[in-house]
Amino acid sequence: MNAPLLQAEGVAKRFGGVPALTDGRLRLERGSVHALCGGNGAGKSTFLNILMGILRRDSGSIRVRGEPVAFEGPDDALRARISIITQELSPIPGMTVAENIYLGREPRRLGVVVDYAHLYAITGQLMNRLGFDIDPRAPMHRLSLAQTQLVEIAKAFSHDSEIIIMDEPTSAIGERETEVLFDAIRSLTAHGAGIVYVSHRLSEIFRIADRYTVFRDGGFVESGLLGDIDRNHLVGSIVGRTLKPTEKARRAPGAPVLQTTALGRRGEFSDISLTVHKNEVLGIYGLMGAGRSEFLNCIYGLSRPHDGEIRLRGKKLAAGSPSRSIAAGLSLVTEDRKETGLVLSSSIAMNIALSAYRRMNTLSLVHRGEARRLVTQMVERMRMKTRSTELPVASMSGGNQQKVVLARCFSTAPLCLMCDEPTRGIDEGAKQEVYRLLDEFAQAGGALLLVSSEAQEVLDVSDRIAIFKAGRLVDVVDAGQATQEQLLHLAS
Amino acid sequence: MMTNNALPLPKASGRDAPNLRELYARYGILAALLAVCVALSFANEFFMTWGNWADILRQTSINGILAVGMTYVVLTGGIDLSVGAILAFSGIVSAWLVASGGAYGVGTSVLAGLGVGLSMGAVNGLLIARFSVPPFVATLGMLSAARGFTYIFNDGMPVSDLPPAFLAIGDARIGGVPLPILIFAAVIGVFWFVLRYTIYGRYIYAVGGNVKSAKTSGIGTRKVVFAVYAVSGLLAGLAGILLAARTTAALPQAGVSYELDAIAAVVIGGTSLSGGTGSLTGTLLGALLIGVINNGLNLLGVSSYYQQVIKGVIIVGAVLLDTSRKKNT
């Protein structure tokens with residue numbers, strides 16, 4: 000057999016006219032671990048979803064073992080012996096490990112009765128073969144996150160697939176489990192299987208993969224043998240430019256506003272001491288699971304720290320109460336505006352005024368004139384586009400929704416604003432507006448703490464950048480001198 | 000997912016033409032109520048008389064008061080199954096104090112009845128807000144416990160021989176309007192105002208719409224949740240006193256399955272069981288629709304067995320219309 004296991008060419012996909020993928024290409028050979036690399040919005044996820052039959056492609060061709068295919072759904076892909084391991088875990092907690100792995104494909108007797116003896120036997124064999132130390136009879140809810148991820152991996156392997164796609168398989172597991180996984184991958188490829196490996200951790204890619212393909216802005220950029228390139232070349236290719244630092248107004252930081260001392264929360268982050276000053280933007284950069292969002296949520300009071308303390312303008316901040324944090328002068332733009340930012344069923348006006356109501360009432364009676372003035376003023380300042388502020392906030396575009404969240408945060412006149420991925424999922428125009436608003440805030444004497452997965456964004460907006468890795472503060476660098484490569488190196 | 004699936008901005012051009020769909024969404028339940036009234040007034044000459052309407056409203060007032068509290072609870076995304084049982088316990092405590100207990104006046108017994116309702120509601124609120132017991136479970140437990148207390152309290156016997164001053168709560172008239180109807184109107188008015196014009200009202204919608212976002216915005220979400228159950232208990236206490244006064248006795252089996260009628264009124268009125276959207280106006284119309292249909296079917300001589308079937312169809316039908324309406328818009 001000379002045909003590659005998998006060959007995709009010119010795969011394209013649009014969502015409502017917006018291209019998400021323009022030219023997806025990949026050639027996977029037998030016995031190879033092929034790293035698929037790219038930043039956010041590079042089109043990797045779309046491409047993988049098309050390979051698995053979850054999305055249909057608009058154009059392009061996919062061949063499996065030389066045969067053209069057009070999958071209608073994930074079961075078609077499974078039948079073609081392609082399986083995927085995703086970062087999103089979907090275990091059924093009340094069932095055992097074996098039941099989860101063979102869900103819907105349990106060995107049976109007389110067609111209806113589950114043959115448990117056989118089920119546990121084959122699961123045991125599977126675990127032995129992979130070298131995973133997990134009891135097939137253990138209930139899922141007893142397992143740690145890392146073990147749950149291993150079960151998900153075992154499930155993909157149990158399909159006896161020849162092509163296995165791994166999307167960030169190590170994001171939730173530790174060093175030891177990673178070694179076990181790599182051994183399993185090596186044994187599989189030795190038997191002729193092919194692996195598509197997606198990871199932001201470049202060091203892992205260089206250890207386990209032999210070939211690479213880079214996507215950027217929805218299109219194929221380059222492909223080749225990892226042995227022929229070095230890490231800098233790969234980073235440059237993912238980022239897409241030899242970077243020159245953008246011109247940025249230098250601000251003169253003032254007095255300290257927010258200070259954390261040896262702040263820690265078990266299982267999330269530990270020993271983080273950082274200071275944000277007046278007129279300063281402190282960026283936080285790190286990979287997924289580095290503890291960035293957890294750090295912000297803890298400062299804000301959505302969770303309680305186990306160690307250390309938080310001070311705002313020298314005064315100790317009461318832990319675990321967003322309402323008191325707001326009163327003290329803190330504000331948070333959360334990572335997910337739909338989940339934790341907005342009340343989607345309520346009006347734009349109510350979403351803007353929600354935090355400010357408590358200073359705009361007498362005996363709980365809302366000062367309607369004052370509330371209306373606040374909303375009008377915010378709509379103008381944020382340049383929101385809407386027909387009426389009485390419409391549900393769900394009727395707005397993502398960018399405008401994000402401005403509503405920002406408006407609510409600004410409405411309490413915070414001393415320190417914390418933004419977690421403030422430009423996630425919004426278009427370029429809205430991004431520029433958000434940057435403008437953040438810059439205005441810092442110029443006017445505010446202290447800003449910005450978390451972002453996009454290195455360029457952190458570099459553009461921040462004055463200093465703190466780099467998080469696995470829940471620890473690795474380094475704090477001057478944004479004027481740092482480069483994207485440097486950030487990636489430090490974080491991975 | 001990073002995709003942006005927010006709806007596009009509505010076009011400004013649709014503004015001039017009266018939007019039929021919007022009208023229907025807003026007033027569909029009102030139209031249904033009017034249609035039923037028109038049909039019944041043709042089917043029965045007695046339906047459109049003052050006496051009959053006073054009956055309808057008086058009967059609706061009990062369920063209506065329960066439904067007001069239920070609306071608050073459902074707006075936060077919860078449910079209160081215990082209102083029927085709390086109604087019975089409050090009613091019997093209040094009646095016993097004024098009758099068998101002897102020495103107490105009407106004012107004291109009414110306050111005691113309200114106090115019983117409020118405290119049982121507060122227990123619900125504490126379990127749900129402080130100890131995170133699911134509302135369905137907490138209030139199901141209270142349903143059973145409160146009903147048990149009611150039987151224990153007077154050995155399963157009803158309390159009758161109520162003094163005229165207490166019975167007056169059920170049948171006194173002010174300006175020709177029966178007192179229960181006036182009390183119901185006042186309850187609706189006050190709770191409508193609170194929901195619309197106070198920050199507490201805003202917070203109820205916010206907590207029901209998205210409790211995480213509400214918390215992020217600095218709202219004390221637990222206090223809001225606690226308060227709606229306490230309020231629901233208080234109103235159940237009030238309804239219990241009214242029912243005892245109107246029926247001239249407090250029965251231990253009073254109010255069995257009243258919680259279901261209250262939930263039905265809320266749901267028919269368009270309040271979403273998942274919380275965040277809905278209104279008291281809708282609940283009022285929902286309660287009236289149930290009252291009118293019960294009354295109409297009685298007038299037409301339909302057997303009570305068939306009445307239950309018809310009520311079931313109406314509840315599901317109203318919600319079915321509601322979901323199809325939401326899909327369209």
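Going down the list, the sequences are from chains B and W. Reminder that position 64 of the first sequence reads as 63 in numbering that gives the first Met the number 0, one-by-one numbering, no gaps. Reminder that position 71 of the second sequence reads as 70 in numbering that gives the first Met the number 0, one-by-one numbering, no gaps. We put the CB at the ideal spot given by N, CA and C, even for glycine.
Express the C-alpha separation of B:D134 and B:E176 in angstroms, rounding to a whole number.
-> 15 Å
Mind checking which residues open and close the beta strand (DSSP E) that includes B:A171?
-> From DSSP, B:A171 is part of no beta strand (DSSP E); its letter is neither H nor E.
Beta-carbon gap between B:G239 and B:A478 smaller than 8 Å = no
Would you list the residues sitting across from B:A7 in a DSSP beta bridge?
-> B:L25 and B:I61
Element boundaries [alpha helix (DSSP H), containing W:K214] | V210 to T215
Where B:G23 and B:L487 are concerned, what is the direct C-alpha to C-alpha distance, given to the nearest angstrom?
-> 24 Å
Residues near W:S212 by beta carbon distance below 8 Å, same chain, minus five either side | A205
Alpha carbon to alpha carbon, how far is B:G290 from B:Y284? Give it in angstroms, no decimals.
-> 10 Å
Own chain, CB closer than 7 Å to B:G123, minus 5 neighbours either side, in chain order = P135
Could you pull out every residue in the same chain whose Cβ sits closer than 7 Å to the Cβ of B:A19, ignoring the five residues on either side in sequence?
-> K12, R13, G42, T45 and G217
Alpha carbon to alpha carbon, how far is B:I228 from B:A208?
-> 13 Å
How is the beta strand (DSSP E) around W:V223 delimited, first residue to last?
-> Note, W:V223: premise wrong, no beta strand (DSSP E); alpha helix (DSSP H) at T220 to R245.
Could you tell me how far apart the beta carbons of B:R107 and B:V113 are, in whole angstroms, since I believe they sit closer than 8 Å?
-> 6 Å
CB-CB length for W:P134 against W:G77, believed under 8 Å | 4 Å
Check each residue of the stretch 211 to 225 of chain W: if its Cβ is closer than 9 Å to any Cβ of chain B, include it; give the result in chain order.
-> K211, S212, A213, K214, T215, S216, G217, I218 and G219
Is the CB of W:Y26 under 8 Å away from at least one CB in chain B?
-> no
CA-CA distance, B:A171 and W:Y305?
-> 59 Å
What number of angstroms, rounded off, separates the C-alpha of B:L242 from the C-alpha of B:Q485?
-> Here B:L242 scores only 41 on pLDDT, less than 50, and its place in the model is too uncertain to base an answer on.
Check whether B:L27 and B:L5 have beta carbons under 8 Å apart = yes
For W:P177 and W:L250, believed in contact at Cβ under 8 Å, the rounded distance | About 21 Å; that fails the 8 Å criterion.
When DSSP labels each residue in this structure, what does B:T45 get in the three-state scheme?
-> helix
Contact list for the stretch 311 to 336 of chain B against chain W, Cβ threshold 8 Å | P321, S322, S324, I325, A326, L331 and T333
Assign B:L149 to buried or exposed, taking buried as 16 or more other Cβ atoms, counted over all protein chains shown, within 10 Å of its Cβ.
-> buried
Using a Cβ cut-off of 7 Å, which residues of the stretch 187 to 202 of chain W contact any Cβ in chain B, in chain order?
-> Y196, T197, I198, Y199 and R201
Can you tell me whether B:T399 is buried or exposed, with buried defined as 16 or more other CB within 10 angstroms of its CB?
-> According to the sequence shown, residue 399 of chain B is Asn rather than Thr. By the neighbour-count rule (16 or more Cβ atoms within 10 Å), B:N399 is buried.
Please classify B:N360: does DSSP put it in a helix, a strand, or coil?
-> strand
Assign W:G281 to buried or exposed, taking buried as 16 or more other Cβ atoms, counted over all protein chains shown, within 10 Å of its Cβ.
-> buried
Report yes if the CB atom of W:L117 is closer than 8 Å to the CB atom of W:S108, and no otherwise.
-> no
Check: B:G65 C-beta below 7 Å from any heavy atom of the ligand NAD | The ligand NAD is absent from the structure shown, which contains no ligand whatsoever.
Hey, does B:N360 have any beta-carbon neighbour from chain W nearer than 8 Å?
-> yes
Skipping 5 residues on each side, what residues in its chain have a beta carbon closer than 6 Å to that of B:F214?
-> G37, A41, G42 and K43
Are B:V280 and B:L449 touching if we call contact CB-CB under 8 Å?
-> yes
In the DSSP assignment, what are the bridge partners of B:P18?
-> B:R13
Any residues in the stretch 273 to 292 of chain W with a beta carbon nearer than 7 Å to a beta carbon of chain B? Which ones, in chain order?
-> G275 and T276
What are the boundary residues of the beta strand (DSSP E) that W:P162 is part of?
-> Here W:P162 belongs to no beta strand (DSSP E), and DSSP marks it neither H nor E.
How would you label B:D462, buried or exposed, when you count the other beta carbons within 10 angstroms and need 16 or more for buried?
-> buried
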